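Undergrad: For the record, the sequence lines run as chains A and B. Take -9 as the starting number for the first sequence in our numbering and just add one per residue. Take 876 as the starting number for the second sequence in our numbering and just add one per residue. Take a look at this one; I'll ask things after.
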Amino acid sequence: MKITEQEVRYVADLANLKLSDEEVGRMVREMEEILNYVDKLNELDTSGVEPMAQVLFETDEQAGWREDVEHVPLGTEAGLANAPLSGAGYFKVPRVIER
Amino acid sequence: MQVENLTIDSVREGLARRAFSAVELATEALRFAGAENGKTNALLEICGERALAAARRVDAGIAAGEPPGPLAGVPVAVKDVILTGGVRTTAGSRLLANYNPPYDATAVIRLEQAGGVIIGKANCDEFAMGSSTENSAFGPVRNPVALDRVPGGSSGGSAASVAQGTSVVALGSDTGGSIRQPASFCGVVGVTPTYGRVSRYGLIAFASSLDHIGPFARNVKDAARLLGVIAGRDPADSTSAAAPVPDYLSQLDAGVSGLRIGLPVEYFKGLASETGDLIAKGIEVLGRLGCKVREISLPATEYAIACYYIIATAEASSNLARFDGVRYTCRSPESGTLSEMYRNTRGEGFGAECKRRIMLGTYVLSAGYYDAYYLKAQRVRHLIAQDFQRALAEVDALVTPVSPFPAFKLGEKLADPLEMYLSDIYTITCDLAGIPGLSVPCGRTAQGLPVGMQILAKHFDEPLMFRLAHAFEQAGGVEG
C-alpha cells in the first residue's frame, strides 16, 4: 500500500486535524509503514468468520438494562464550567451564519 | 511508619491498634509524595485537601465504632484518565491541561466509599496511548527501579507511584497492556480484569471495546482486595457486567496443586533472553507447587498486533473527536471560522502519537477501506478470541511473559512507532479476547530490572488467576 501526501491531507481533513508540512511528510512514511504491516491480516482466510464488535460472554439479554428512575442531571452551570467560551447558558463557537 | 513499605493489611493493622490515625497516615503519605515525586514525575497532581478530607471521614467512622471499609486509610493514586470531581484531570494531554471534571468516576466513588484516600493523579501517556509514558504532555515518568529507564505505559505513573511508595495501591487503565506492562517494568502487581468487570463511567475513553480499569499493588492480595471494591454492575455503564462479584480473598490460599497450566508456544518462540530464562524459572516454581504444565497453541497470535492497531485506532479516532475546543478543552486563539477552530485546536493540542492514531483510525474507517481494514480486523479478533476459548477449555490458565524485554531507556524506542507497537505482543491478545490478565513479579535481570509473568484466565475467572499468582508469590517467586 502506497500512501500519498494528498491522501494524508484528505484524511487529516476528515479528522479535523491541522498538520504542518513536516508532519504530513512524516505521516506519509509512518502510515505507509504501519499499513504495510497490518496488511498481513490478508494472509488469513476469514470467510465465514463473524466480525467481533464486542467482547462476548454468556449473559442475560437484559443484563445491560438499568432501572428507569429519575436522577438529577449535571446541570447547565457544571456542564459549561470547562468550556473555553460560554454565555447565556450555551457553548459559544465562532459565528457560522452571516447576517 | 514508612509509607513506602505499607500494604493494605499493614494499614488496617496500624489503624486497628491505633499505631496511627488515618489523618496521620495521610499527612505522612502526602509529605512523602511531595518530597519524592520529583524523582519520577509519577504524580501530576497531589491532592492534599481531598486526601485529608477522606482520611478525616475514616477516623470519624472508627471513632463512631463503625467497621472500617476494606480500603480504610489506604493511600491510592488514580491514573489521570479517570475523572476526579474537582481535581484536575488531564489525560496527559495539553488539551485538558485545565480540565476540572464536574463528577467522579464510579471506580473513584467506590474506592472512597471503601475508605480509600486519593493522594494524587498519576501521569500517563496522552489519552493512554503509548507503552512508555513518554507521550505525556507533562513530561515522561522515570522508573523508580532505574531512573534512566521508562516505567512502561500507558499507566506508567500508577505503576511507578506504587513501586516508589507514593501510594500503596493505584488505579490504571488497560486497552492493550497498559496495566500489566508497566507493572512488569516496575516490579509490582497489575491486573486487567475481565472486560466489563469494572465500570468505565468516568474513564476518558480511548477504545471502547477494549478499555478496562484495573488495580496496581505491591502484592497479589492487595490487588485482589482493590478489584473487589471497584468491580460490579453500574447502571451508569451499560457495558458493565451483571455477574455477581465473588469474594476475591476467600480462595487465595486454596492452593494450586493439580491446576492445569498452558504455555502458548507462540509466546515463547524466539524468547531467548534473560526474560525468557526468568519466566522459565517462574514456570518451574508453578510445577513445584503441583501445577500440571503443558504446551498449547494459540495460532492467530501473530496477527494480534495488526488486528489491535486497526481496531484501537479506529475507535480512538471516534472517541477523540469530542476534543474539539468547544466543551472541555482549551481553544486555539487563532481561529476565524468554526472549522478552523476545530482544526487548529486539535492540531496544536494533540501530541504526535495521538495524531498518528487519529490519522490511522480515520484512514481505516474512511469510505472504501472500512471492509478491508476494520471489518477484516473484527473477523481476526474473533479468531483470536476463539483461540483462547479453545485453549482455556483444555487448561485452567495460561502463563506467558508480559513483555519481550525489561524496562528500556528513555528515548530508546521513540523514533520508531511500529517497533514500540510490536513490543505489546504478549499483552494485547488478552484485551482483544476480553479475558482477565495479571502481571506478577518474576525475578530481576542481571542489571536489576524487574520482569513480570503474565497469567491469563477465562472470562470472570479472576479468583483462579489471583489464587495462582498468590501461591507463586507466597512460594517466593523467582530469586534475583
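Built from N, CA and C at the ideal position, the CB exists for glycine as well. Note that the structure is predicted; figures quoted are calculated from it, not measured.
What are the boundary residues of the alpha helix (DSSP H) that includes Gln1039(B)?
TA: 1031 to 1039
Undergrad: Pick helix, strand or coil for Asp884(B), following the three-state DSSP scheme.
TA: helix
Undergrad: Take the Cβ of Thr(-6)(A) as the centre, count every other Cβ of all protein chains shown within 10 Å, and call the residue buried at 16 or more, exposed below.
TA: exposed
Undergrad: Closer than 8 Å, Cβ to Cβ, to anything on chain E: give me those residues from the stretch 1244 to 1263 of chain B, in chain order.
TA: In the structure shown, chain E cannot be found, because the protein chains are A and B.
Undergrad: Our contact map puts Glu1223(B) next to Ser1207(B) with C-beta atoms below 8 Å; I'd like the distance itself, whole angstroms only.
TA: 5 Å
Undergrad: Closest to Gly995(B) by CA distance: which of Tyr978(B), Pro976(B), Ser1036(B) is it?
TA: Nearest C-alpha to Gly995(B) among Tyr978(B), Pro976(B), Ser1036(B): Ser1036(B).
Undergrad: Can you list the alpha helix (DSSP H) stretches of 4 or more residues lying completely in the stretch 1287 to 1343 of chain B, in chain order?
TA: If one requires a minimum length of 4 residues, the alpha helix (DSSP H) runs lying completely within the stretch 1287 to 1343 of chain B are 1292 to 1297, 1303 to 1308, in chain order.
Undergrad: By how many angstroms is the C-alpha of Phe1283(B) removed from the C-alpha of Thr915(B)?
TA: Cα-Cα distance, rounded: 15 Å.
Undergrad: List the DSSP bridge partners of Glu846(B).
TA: What is shown of chain B runs 876 to 1355, which leaves residue 846(B) out entirely.
Undergrad: Can you tell me where the beta strand (DSSP E) with Glu920(B) in it begins and where it stops?
TA: Taken as a continuous stretch (DSSP letters only), the beta strand (DSSP E) holding Glu920(B) covers 918 to 921.
Undergrad: For the stretch 69 to 88 of chain A and the stretch 893 to 904 of chain B, state whether three or more C-beta atom pairs, one from each stretch, are separated by less than 8 Å.
TA: no
Undergrad: Determine the burial state of Pro1026(B): buried for a count of at least 16 other Cβ atoms within 10 Å of its Cβ, exposed for fewer.
TA: buried
Undergrad: For Thr36(A), would you say it is in contact with chain B, using Cβ-to-Cβ distances shorter than 9 Å as the test?
TA: yes
Undergrad: Which residues in the same chain have their Cβ closer than 8 Å to the Cβ of Gly1133(B), if we skip the five residues on either side of it in sequence?
TA: Gly1165, Cys1166, Lys1167
Undergrad: Where DSSP assigns a beta bridge to Asp934(B), which residues make up the other side?
TA: Answer is none; Asp934(B) lacks a bridge partner.
Undergrad: For the alpha helix (DSSP H) that Ala1268(B) lies in, which residues bound it at each end?
TA: Counting along the chain, the unbroken alpha helix (DSSP H) around Ala1268(B) starts and ends at 1251 to 1269.
Undergrad: Using a 10 Å radius around the Cβ and a threshold of 16 neighbouring Cβ atoms, would you call Ser1042(B) buried or exposed?
TA: buried
Undergrad: Using the beta-carbon of each residue, which ones in chain B are nearer than 7 Å to Val39(A)?
TA: In chain order: Arg1254, His1257, Leu1258.
Undergrad: Would you check if the distance between the CB atom of Arg1075(B) and the CB atom of Ala1116(B) is smaller than 9 Å?
TA: no
Undergrad: By how many angstroms is the C-alpha of Leu75(A) removed from the C-alpha of Leu1331(B)?
TA: 47 Å
Undergrad: From the DSSP secondary-structure annotation, give me the bridge partner or partners of Phe1091(B).
TA: Ala1045(B), Gly1065(B)
Undergrad: Under the rule that 16 or more other beta-carbon atoms within 10 Å means buried, what is His61(A), buried or exposed?
TA: exposed
Undergrad: Determine whether the Cβ of Pro1110(B) lies closer than 9 Å to any Cβ atom of chain A.
TA: yes
Undergrad: Which whole-angstrom value is the C-beta distance of Ser968(B) and Ala1012(B), which I expect to be below 8 Å?
TA: 5 Å
Undergrad: Using 10 angstroms around the beta-carbon of Glu12(A), count the other beta-carbons present and answer buried if the total reaches 16, otherwise exposed.
TA: It is exposed - the Cβ of Glu12(A) has fewer than 16 other Cβ atoms within 10 Å.
Undergrad: Who does Thr1275(B) pair with in a DSSP beta bridge?
TA: Gln1329(B)
Undergrad: Anything in the stretch 1280 to 1301 of chain B with a Cβ closer than 8 Å to a Cβ of chain A? List those residues in chain order, please.
TA: Hits within the stretch, in order: Pro1292, Leu1293, Tyr1296.
Undergrad: Taking only the alpha-carbon atoms, compute the straight-line gap between Gln1261(B) and Ala1268(B) and give it to the nearest angstrom.
TA: Rounded to whole angstroms, Gln1261(B) to Ala1268(B) spans 11 Å at the Cα level.
Undergrad: Can you tell me which residues form a DSSP beta bridge with Tyr80(A)?
TA: Answer is Gly77(A), bridged to Tyr80(A).
Undergrad: Give me the subset of the stretch 1166 to 1194 of chain B whose CB atoms are less than 7 Å from a CB atom of chain A, sorted by chain position.
TA: Tyr1178, Ala1181, Cys1182, Tyr1184, Ile1185, Ser1192
Undergrad: Candidates Asp1023(B), Asp1097(B), Ser1083(B): which alpha carbon is nearest Asp884(B)'s?
TA: Closest by alpha carbon: Asp1097(B).
Undergrad: Could you tell me which chain A residues have their CB closer than 9 Å to the CB of Arg1221(B), listed as they occur along the chain?
TA: Ala5, Asn6, Leu7, Lys8
Undergrad: Since Glu1337(B) and Pro977(B) are thought to touch, with beta carbons under 8 Å apart, how far apart are those beta carbons, to the nearest angstrom?
TA: The Cβ separation is near 32 Å, so there is no contact.
Undergrad: What does Ile87(A) reach in chain B if we use C-beta pairs closer than 8 Å?
TA: Under the 8 Å cutoff, chain B gives no residues; its nearest Cβ is about 10 Å from Ile87(A).
Undergrad: Per DSSP, what kind of secondary structure is Ile1186(B) in: helix, strand or coil?
TA: helix
Undergrad: In this structure, what does DSSP give as the bridge partners for Pro1026(B)?
TA: The partner list for Pro1026(B) (beta bridge, DSSP) is empty, contrary to what the question assumes.
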